[in-house]
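Count along the sequence shown from 1, add 144, and you get the number used in our numbering.
Every residue, glycine too, gets a C-beta built ideally from N, C-alpha and C.
Remember, predicted model here, so these are calculated numbers, not experimental data.
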Amino acid sequence: MSQMKTELLLTKTISMLHICEASCDGSHVFVFYLATTSKYSGKYLFSTSYLVYVIGSLNWISFSNGFVYGQVAGLINSLQKQEGGIHLSEGQISLIASTMTIMNLFGTALSAIITDKLGRRWPFILFSIPLMMNWILLYYATELHHFVLSRIIGGISVGALVTLNIFVTSEYTSPKTRAFYLNMVTTLAPALGTSLGHGIGIFLHWRTSAIIGIFPCALGILLPYFWEESPHWLASKGRFEECRESFGRLHTRTPNSDRELKLLVEMEKSKLDLLSKSNSVSTLKRLSRVLKRKYFWDVFVLSIFIHAYLAAAGKLVFSILATVILEEITGTPDVLLYTLFVDGFIVIGSFMSCLLIRKTSMRTLLFSTGFTANAILILFTLCFYFRNGQSYSNWINVGLLALYFITINAGPYPLLEAIYSEMFPLELKVYIFTLSAVVLITALTLSIILLPFIVSCVGYHGLFLMNTAIMSVSLVYIWWRLPETKGKTLQEVEVYFKTNNFNVEEVLTCNEQTKALI
């Protein structure tokens, strides 16, 4: 009788779980059922806990990266006021502010080479070590070359870590939860780190900020050591048994996860077989083949418009120069409340993005919030142009700026970074990331270097109108070229960009000419 009751309970539980799976992430619900059976409880509870650990580690590293950018605002503000007896010209201070962004490109390039050879775990450890050196060097800095050297080391490290965070997160997560976790790792965690960096930069000396920055960086060295290697990287190297084992440790066993693993293995096997037959196994030969494909240039042009939007949206510029910009906008050096107000809304927007992406499609959220942000920026420009210098006028302008940032952080910024992590083929993703990053980092660096000159020529209202125009054109092109990718595996997204068809099984069973496209 007891056995019958147990079976009946399990039957009812399974029925309830099937209902729940329609609206929830099936992998997490499935774990609850497996936890009720002695045969599977240890294995699957371990896999869920392990994935939580990996995602938590990625968030922590992103938080540390955000703190690096946020701390710069306090440093630049202090150097401009010549505090501590350090006398530097505006040109030298501008060089310090922009050097880190320029060096991001070299970090991205290095991460491509190292990640392709060593996998996903060790590069996080290797690039977190020089980031700690950056904080130590910055703490003792007194001369221009000290500051520049610390920014070079920090820029290379952060450039590599940000790139790794974007595409590694997508490899460790399932299609149903990928956009949600990417929002957390690429938007929410850095926003919290940047806000903390801004706040500490206002309350404490920048040398104290450097000491504080050492601690999250130290954990970034330790945490990845205990990760499982990315199953996608293992599959791209033909290590399919290790791929299956790694995938099993990271994901709970469901029909969806079984299908995802099956597509991953079959597609990478097909690629390696075709490359072997065509004698194109080496990386240079594979890159040369990709550069001749139309789909690569379609995706590359799409990435340029994504980069143009991200640079024009101004998130990075504000992260680095928040206090400087707010002093210019409000006309007062007392910007503590303004900074905390805007940073608070950026964090709120990041939280909202995690909630909204679970409720709606990526395209709907991207374009509704994207064009809304443009309208807010135009309204802010008008209010800023006709400001009267009164306190309430300053709060209106800062409020509109905060509303703008909450909107782009709730939609365009995290979604475009998520899409960027999905759109390149797995086997050469890190190298194509580097080629694409040249455009992004060049645009971001120019946006920081040219900011004072553009503002002096056309003012902040002219700058924001120009940015609005760039963002609008970019959104129109993205709307034209971008498919809906929510719930699709990385293999399905990759095949779509190559063949305009999401059905991986169909493509793999087509003629040799079609198969060669993948």
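Cβ-Cβ separation, threonine 578 to threonine 252 (assumed contact under 8 Å), whole Å: 5 Å
Contact under 8 Å by Cβ, isoleucine 355 with isoleucine 344: no
Let me make sure I understand the geometry here. Which of Gly218, Leu499, Thr629 and Val542 has the alpha-carbon closest to that of isoleucine 105? Nothing can be reported for residue 105: it is not among the residues displayed for the chain, which extend from 145 to 662.
Pop quiz: leucine 332 and serine 494 are said to be a contact at Cβ under 8 Å. What is the actual Cβ separation, rounded to whole angstroms? 4 Å
Take serine 193 as the anchor and find which of Leu588, Glu650 and Leu394 has the nearest alpha-carbon. Nearest C-alpha to serine 193: Leu394.
Using 8 Å as the threshold, is the C-beta distance between tyrosine 529 and histidine 605 below it? yes
Are the CB atoms of alanine 362 and methionine 276 within a distance shorter than 8 Å? yes
Indicate the three-state DSSP secondary structure (helix, strand or coil) for isoleucine 501 in the structure shown. coil
Note down the Cα distance separating tryptophan 624 from aspartate 442, rounded to an integer number of angstroms. Each residue's Cα considered, the two are about 12 Å apart.
Phenylalanine 515 and tyrosine 621: beta carbons closer than 8 Å? no
If serine 339 and valine 491 are in contact, beta carbons under 8 Å, what's the gap, nearest whole angstrom? 6 Å
If I'm right that alanine 562 touches leucine 326 with Cβ under 8 Å, what's the distance once you round it to whole angstroms? 4 Å
Candidates Ser420, Ser238 and Thr633: which alpha carbon is nearest lysine 406's? For the set Ser420, Ser238 and Thr633, the Cα lying nearest the Cα of lysine 406 is the one of Thr633.
Using DSSP with H/G/I as helix, E/B as strand and the rest coil, what is proline 319? coil
Residue ranges of each alpha helix (DSSP H) run of no fewer than 4 residues wholly in the segment 332 to 410, ordered along the chain? Here the runs fully enclosed are 333 to 347, 350 to 366, 375 to 380 and 384 to 394.
Is the beta carbon of leucine 559 less than 8 Å from the beta carbon of methionine 610? no
Backbone secondary structure at phenylalanine 641 - three-state DSSP: helix
For the candidate residues Lys415, Phe444 and Lys438, whose alpha-carbon lies nearest to that of arginine 430? Lys415
Under 6 Å Cβ to Cβ from alanine 335, same chain only, skipping five residues before and after it: list those, please. Ile490, Val491 and Ser494
Would you call the segment 284 to 292 in contact with the segment 300 to 313, where contact means no fewer than 3 C-beta pairs closer than 8 Å? no
At the level of alpha carbons, what is the spacing between leucine 254 and isoleucine 585? 15 Å
If leucine 500 and leucine 509 are in contact, beta carbons under 8 Å, what's the gap, nearest whole angstrom? 6 Å
In angstroms with no decimal places, state the Cα-to-Cα distance between isoleucine 614 and proline 627. Straight across, the Cα-Cα distance linking isoleucine 614 with proline 627 is about 21 Å.
May I have the straight-line CA-CA distance separating methionine 411 from valine 212, to the nearest angstrom? 39 Å
Collapsed DSSP secondary structure at phenylalanine 530 in the structure displayed: DSSP places phenylalanine 530 in the coil class of the three-state scheme, outside both helix and strand.
DSSP three-state call for arginine 264: helix, strand or coil? In the three-state scheme derived from DSSP, where H, G and I count as helix and E and B as strand, arginine 264 is classed as coil.
Candidates Gly229, Ile220 and Gly228: closest to isoleucine 237 by CA position: Ile220
Thinking just about the alpha-carbon of each residue, which of Arg265, Thr525 and Pro274 is nearest to the one in threonine 373? With the sequence shown as reference, residue 373 is identified as glutamate, and threonine is not the correct amino acid for it. When each option's Cα is compared against that of glutamate 373, the closest is Arg265.
When you compare each of Ile257, Val216 and Glu227 to isoleucine 240 by their alpha carbons, which one comes out closest? Val216
Looking at the unbroken alpha helix (DSSP H) that takes in proline 556, where does it start and where does it end? 556 to 566
State the Cα-Cα distance for the pair alanine 554 and tyrosine 453, rounded to the nearest angstrom. Computed Cα separation, rounded: 15 Å.
By the DSSP assignment, the alpha helix (DSSP H) with tyrosine 453 in it spans what residues? 438 to 457
I need the straight-line Cα distance from valine 173 to valine 582, nearest angstrom please. Because the pLDDT at valine 173 is just 36, under 50, the model does not fix this residue reliably, and the value given afterwards should be weighed accordingly. Their backbone Cα atoms lie some 42 Å apart in a straight line.
Buried or exposed for threonine 653, please, with buried defined as at least 16 other CB atoms from any protein chain shown within 10 angstroms of its CB. Of the residues assessed, threonine 653 falls on the exposed side of the cut-off, its CB having fewer than 16 other CB atoms within 10 angstroms.
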